[in-house]
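*Asks:*
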Amino acid sequence: MKPGENQDQLIMQSFGGNLETTFLVAQATGSYVYTNMRSKWKEIMSTHTSPNVEDTCWSALTDTLRDLPLKFLLQVDPGFVSHIREKGKLEQIRRCLRKIYVEINKTDDSRDILSIAKGFASEIKDEYRSFQEEWKTVEVDLKKWMGKDFKHSLTTSVEARMNLTIPSQGFKLKTIPRLIVTQKNKDLFRNSVSMAMFIDYKQ
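Counting along the sequence shown from 1, when you hit position 24 you're at 111 in the working numbering, and nothing is skipped either side.
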């Protein structure tokens, strides 16, 4: 939030839930997990075994995504973020990730995975080019939104890369009690989190 008349300012930060809560919500809702905190990422990575054949099969996709520098809005008015979401801007990579996640959860054969990974790698590259062009329009919109404040802002964006990990057995925590899953939704509860992503911000 912007400083008030007396230069009072409220700065909000969130570190997310603990690992058990994060995995429980992800498994119950069929979601993947992501973080930009190295300590949290180490916790997530500790829940799966060493790389195996399926990890390698997805490398065409994961390597491609890791090589693409993406920009993220930083410390901007949440109203502006909501504004561009309503206009459907910067949805390219997010849309691709949703499609990837769906395929991960219905594909087991390593030969199919190789083909799917290559297809998504090509699609990611195309979407990335579209993302770059649209980012230019977002910067123009942001300048108009902020007006005079834009000149005084230290930074409004940050560059990062996405490190995607897709282990064949998923990420699992034995400490999550299955008893809390009700009879009504137990069939929807996933046995593991199939995909995790580390957003590595440029220092």
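Glycine included, every Cβ here is placed at the ideal spot set by N, Cα and C.
1) Are the Cβ atoms of Lys158 and Glu221 separated by less than 8 Å?
2) Use the C-beta contact count for Met132: other C-beta atoms within 10 angstroms, 16 or more gives buried, fewer gives exposed.
3) What three-state label does DSSP hand Lys127 in the structure shown?
4) Where does Leu260 fall in DSSP's three states?
5) Is Phe110 near Val280, with beta carbons less than 8 Å apart?
6) Can you give me the C-alpha to C-alpha distance between Met284 and Met124, rounded to a whole angstrom?
7) Given a threshold of 16 other Cβ atoms within 10 Å of its Cβ, counted over all protein chains shown, does Glu214 qualify as buried or as exposed?
8) So, for Gln179: in the same chain, excluding its five sequence neighbours on each side, which residues have a beta-carbon less than 8 Å away from its beta-carbon?
9) Rounded to whole angstroms, what is the Cα-Cα separation between Ala208 and Gly104?
10) Return yes when the Cβ of Thr122 is within less than 8 Å of the Cβ of Lys212, no when it is not.
11) In this structure, does DSSP put Ser244 in helix, strand or coil?
12) In angstroms, rounded to a whole number, what distance separates the CA positions of Glu173 and Gly117?
13) Hey, how far is the Cα of Lys193 from the Cα of Glu107?
14) Is Ser209 near the ligand HEM - that is, is its Cβ less than 7 Å away from at least one heavy atom of it?
15) How is the alpha helix (DSSP H) around Lys158 delimited, first residue to last?
16) Run through DSSP, which three-state label would Leu106 get?
17) Who are Thr194's beta bridge partners in DSSP?
18) What's the gap between the Cα of Ile200 and the Cα of Cys144?
19) Return the Cβ separation of Asp287 and Arg248 in integer angstroms, given the expectation that the two are a contact with Cβ distance under 8 Å.
20) Which one of Asn278, Leu229, Ala147 and Gly257 has the shortest CA to CA distance from Arg163?
21) Identify whether Gln270 lies in helix, strand or coil by the three-state DSSP scheme.
*Replies:* Looking at the coordinates:
1) Taking the first residue of the sequence shown as position 1, residue 158 is located at position 71. Taking the first residue of the sequence shown as position 1, residue 221 is located at position 134. Cβ distance not < 8 Å, so Lys158 and Glu221 don't count as in contact.
2) As a working note, residue 132 is residue 45 in the sequence shown. Classification for Met132: exposed.
3) Along the sequence shown, one-based indexing puts residue 127 at 40. If DSSP states are grouped into helix, strand and coil, Lys127 belongs with the helices.
4) What you label residue 260 is simply residue 173 of the sequence shown in a count that begins at 1. Reduced to three states, the DSSP call for Leu260 is coil.
5) Translated into the one-based positions of the sequence shown, residue 110 becomes position 23. Translated into the one-based positions of the sequence shown, residue 280 becomes position 193. Yes, they are a contact pair.
6) Reading the sequence shown from its first residue, position 197 is the one you call residue 284. Reading the sequence shown from its first residue, position 37 is the one you call residue 124. Between Met284 and Met124, the C-alpha separation is close to 11 Å.
7) What you label residue 214 is simply residue 127 of the sequence shown in a count that begins at 1. Classification of Glu214: buried, given that the 10 Å Cβ count is 16 or more.
8) Taking the first residue of the sequence shown as position 1, residue 179 is located at position 92. Excluding residues within five positions, the ones whose Cβ falls inside 8 Å are Glu214, Tyr215, Ser217, Phe218 and Glu221.
9) Residue 208 sits at position 121 when you count from the first residue of the sequence shown. Residue 104 sits at position 17 when you count from the first residue of the sequence shown. Near 31 Å, if we compare the C-alpha coordinates of Gly104 and Ala208.
10) Here residue 212 corresponds to residue number 125 of the sequence shown, with the count starting at 1. Here residue 122 corresponds to residue number 35 of the sequence shown, with the count starting at 1. In this structure, Thr122 does not lie closer than 8 Å to Lys212 by Cβ.
11) In the sequence shown, counting from the first residue as 1, residue 244 sits at position 157. Ser244: strand per DSSP, three-state reduction.
12) Stepping through the sequence shown from its first residue, residue 173 is reached at position 86. Stepping through the sequence shown from its first residue, residue 117 is reached at position 30. Roughly 24 Å separates the two Cα atoms.
13) By 1-based counting over the sequence shown, the position of residue 193 is 106. By 1-based counting over the sequence shown, the position of residue 107 is 20. Looking at the two C-alpha atoms, the distance is approximately 25 Å.
14) The ligand HEM is not part of this structure, which contains no ligands at all.
15) Walking along the sequence shown from the start, residue 158 turns up at place 71. Taken as a continuous stretch (DSSP letters only), Lys158 belongs to no alpha helix (DSSP H), being part of the beta strand (DSSP E) at Leu157 to Leu160.
16) Taking the first residue of the sequence shown as position 1, residue 106 is located at position 19. Leu106 falls in the helix class under three-state DSSP.
17) Locating residue 194 in the sequence shown gives position 107, counting from the first residue. DSSP, once it has assigned bridges, lists no residue as partnering Thr194.
18) For the purposes of this step, residue 200 is taken as the residue at position 113 of the sequence shown. For the purposes of this step, residue 144 is taken as the residue at position 57 of the sequence shown. Straight-line Cα distance between these residues: approximately 6 Å.
19) For this step, residue 287 is matched to residue 200 along the sequence shown. For this step, residue 248 is matched to residue 161 along the sequence shown. The pair is a contact, with the Cβ atoms about 5 Å apart (cut-off 8 Å).
20) Counted from its first residue, the sequence shown places residue 163 at position 76. According to the sequence provided, residue 163 is Val. The question's Arg does not apply to it. Ranking Asn278, Leu229, Ala147 and Gly257 by Cα distance to Val163 puts Leu229 first.
21) In the sequence shown, residue 270 corresponds to position 183, counting from 1. Here Gln270 scores only 48 on pLDDT, less than 50, and its place in the model should not be relied on; the value that follows carries that caveat. Correct three-state label for Gln270: coil.
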